[in-house]
Each structure stands twice: as structure tokens, then as C-alpha cells.
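The structure appears right after this line, and notes come after that.
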Amino acid sequence: MSEPDFSTFPLWERGNQFEDFEVDQVFEHHWGRTLTAGDAMLFSSIALRYCPLYVNAEYAKSEGHRDRVVDPMLVLATVIGLSVEDLSEVGGPFLGVNEVEFGAYVYPNDTITCVSEVIDKRESASRPDTGIVTWGTCAKNQSGDVVVKYQRTNFVAKRSRHDGPHQR
Amino acid sequence: MALTSANNYFEDFEVGQKIRHARGTTIDEVENQLLTKLVMNTAQGHWNEDSMSKSPYGQRLVFGFITASMVIGLATQDTAENAIKELGLNNLKFKKPVFHGDTVYAYTQVLAKEDTGEGGVVTFKHWGLNQKKAVVFEGERQVLIKKRGEGEA
């Protein structure tokens, strides 16, 4: 049997573009993520996070914690990661992240889920094929405690643009 | 014998203090591909060399938050070894693209400090510079840091 003509396979599109966002729109992001002890040690080690709260369980216990604390930078990176498909995968680069507040400590095997709301969208003066969107994102653990919240602003490509970094 | 340094408790920081951190790090596959995928960032612009070779950048872009994590990581021993809690971040800006093979260095200035009783909050401004001394990342960070207890060095 010969191989099929792959050019006839339609793309299963992922991600949203500028026209897809409306102020106050809410996204419940996919999957959630259980952050394991392995995830935390890997991230903290590679990211040079030399704080014993994150890498020494006995020290963390001596400070009143029940286990090592999961590195908040891992928590934030994971929440941003889980939000990318909905918010920025086909869009464009970060303009900024603001007002990051870390809430409850995260411990190994806590499960994080996150929700974002569109706060603002506007045209870009310098890039007519691109807009600027700001989202507020909030992440919670399995008990409903807020673990991190923040605002993020990105360039987001319009559907008319075909030369973006994430073109397919 | 202490597990942490004796010179980075709350009392040790002064507003205006400048720090050039001891180490830099090259950002390669381990830092970008591995960590970007670990945190489930689905944007293939960070990990599909073939598609990015056809983009205006010509190659994969490092996920900005990995750059931020590495710069803050380079500053962590000095600024958070004795942390009680990292409280937050603000005004994070990603000023230039970072590519595989680039090396980042971290610089810090103390913007403010506030005694909160059991410890104190120090506000840091961090800059990440690449091997050409261009700022690729900057941001502010608040850390609740222990005070030096009685009898500790």
C-alpha cells in the first residue's frame, strides 16, 4: 500500500489569535498539573535555586513545613505553561508579567489548576498585524487555596498575519 | 556548621546595595527544552528547530520565563538562601530574545526593605545580561527573609 498524500491532511488548529479574545472572557486552562518531588528537585537544581527550603526536606521541616517547599518559580512557570495554548501559543512574545503574588506554599504532590480572564485588548501602534492582550491568571491547589496570581501581557498575532514566529 | 551563608540575612541588605552575582549560565537544551516542556508550555517556538528555522528568528527562542528563572536562579543564593517565603514579582520585562547557546549573568540592586517582625521584606531589582552585556530580562522581586537569630554568626 502506498503512503497517503500528507498534503491532504487538515491541520488540527491549536491556540487563539487576537480576534478570538474579548474583555471579561474566561479560560479554564487544560489539564492541571500535579507537581511531584521529582519535578521540584529537577527544576530547582537546573535553575540554580540555591535555597534549602526547596532542596532539603529536613531543613524545611525545621522551618515548620511538612515537606520541602515546591519552588514558587516552578509553580509560576507551570501555570504560565498550562495557559499558553489558550492565550499565547500562536500569538507572539511576552511584553511583561506584573503583580505576581505567591499565595499558599506548594508541597510535593499538590495539584495546580488555573483560570485566566481577559483584562484588556488593544491595537499595537507599531505593529498593525498584531494586537496586545492582557490577562489576569489565578492558580489554585486541590484545596482551592490560591497559590499564585499575576497579570501577563503579550503581543498577539491577528489572523491576517502569516509571518509570525509560531506560523504553521 | 550552618546550611546557609551568614551574610544574607535581612539585616545584611542595604537599600541601594548593588550585587554582581558570582556565576553565569549558558542556556541550552537542558534549561530551555527540558524545563519548558516540564512546565507544559505547548508553544513549539521554544522546541521545534525545524519550524523556527523558517521564522524570522531562524532558530528556537528560549521561553522568557525560563530566562527569568535562570537569572533569578543566579541571584538566589545571595538573595534568598535565608528566605522564609518568596512573596512576589513585578514589572518583569523580556527585552531581547534569548537563543540556545546564549549565556546570562545576573545583577541586582536592593530597592527597599521593610522590617515585619520575625523577618523582613526586601525588594530587589534584577537584571539579566547576555554575553554581549545586553539586558535581556529585568524584574522586581520581593522576598521575606529571616533575621539573624541570637547566637547565629
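Residue numbers (my numbering), protein chains in the order written: chain A, 1 to 168; chain B, 1 to 153.
The beta carbon of each residue, even a glycine, is placed where N, CA and C say it ideally should be.
Predicted model, so just to flag it, every value in this text is computed and none were measured.
Quiz prompt | Presumed contact (8 Å Cβ cut-off) between F155 of chain A and L95 of chain A, rounded CB distance | solution = About 6 Å; that satisfies the 8 Å criterion.
Self-check item: Closest by C-alpha distance to V148 of chain A, when choosing among A:F27, A:S116 and A:S88
Solution: Looking at the Cα atoms, A:S116 is the closest of the given residues.
Self-check item: Chain-ordered residues of the stretch 79 to 94 of chain B with a beta carbon less than 9 Å from chain A
Solution: Contacts with chain A (Cβ-Cβ distance below 9 Å) from the stretch 79 to 94 of chain B involve A80, E81, N82, A83, I84, K85, E86, L87, G88, L89, N90, N91, L92, K93 and F94, listed in chain order.
Self-check item: Integer-rounded CB distance, given that V136 of chain B should sit under 8 Å from V98 of chain B
Solution: About 5 Å; that satisfies the 8 Å criterion.
Quiz item: So, do the stretch 132 to 146 of chain A and the stretch 45 to 59 of chain A have three or more beta carbon pairs nearer to each other than 8 Å?
Solution: The stretch 132 to 146 of chain A vs the stretch 45 to 59 of chain A: no contact.
Exercise. Find out if the Cβ-Cβ distance for the pair K96 of chain B, Y9 of chain B is shorter than 9 Å.
Key: Contact: no.
Exercise. Using the Cα positions of E63 of chain A and E11 of chain B, report the straight-line distance between them to the nearest angstrom.
Key: Going from the Cα of E63 of chain A to the Cα of E11 of chain B covers about 19 Å.
Quiz item: Are the C-beta atoms of L48 of chain A and some chain B residue less than 9 Å apart?
Solution: At least one beta carbon of chain B lies nearer than 9 Å to the beta carbon of L48 of chain A.
Self-check item: Assumed close pair I112 of chain A, V75 of chain A - CB separation to whole angstroms, cut-off 8 Å
Solution: By a beta-carbon distance limit of 8 Å, I112 of chain A contacts V75 of chain A. Their separation comes to about 7 Å.
Quiz item: Where does R60 of chain B land, buried or exposed, given buried means 16+ other C-beta within 10 angstroms?
Solution: Flag for R60 of chain B reads buried.
Quiz item: List, in order along the chain, the chain B residues whose C-beta lies closer than 8 Å to that of C114 of chain A?
Solution: By Cβ distance, chain B contributes nothing, its closest Cβ being about 11 Å from C114 of chain A, past 8 Å.
Self-check item: Proximity test, A77 of chain A beta-carbon vs the ligand NAP heavy atom, cut-off 8 Å
Solution: Summarising the ligand content, the structure contains no ligands, and the ligand NAP is consequently not present.
Quiz item: In whole angstroms, what is the alpha-carbon distance linking V122 of chain B and E14 of chain B?
Solution: One C-alpha to the other measures close to 9 Å.
Exercise. Would you kindly report the start and end of the unbroken beta strand (DSSP E) that includes D110 of chain A?
Key: Counting along the chain, D110 of chain A sits inside the beta strand (DSSP E) bounded by residues D110 to E123.
Quiz prompt | Beta-carbon contacts of R23 of chain B that lie in its chain and below 7 Å, excluding the five residues immediately before and after | solution = Take R23 of chain B, set aside five residues on each side of it, and the residues of its chain with a beta-carbon closer than 7 Å to its own are L74, in chain order.
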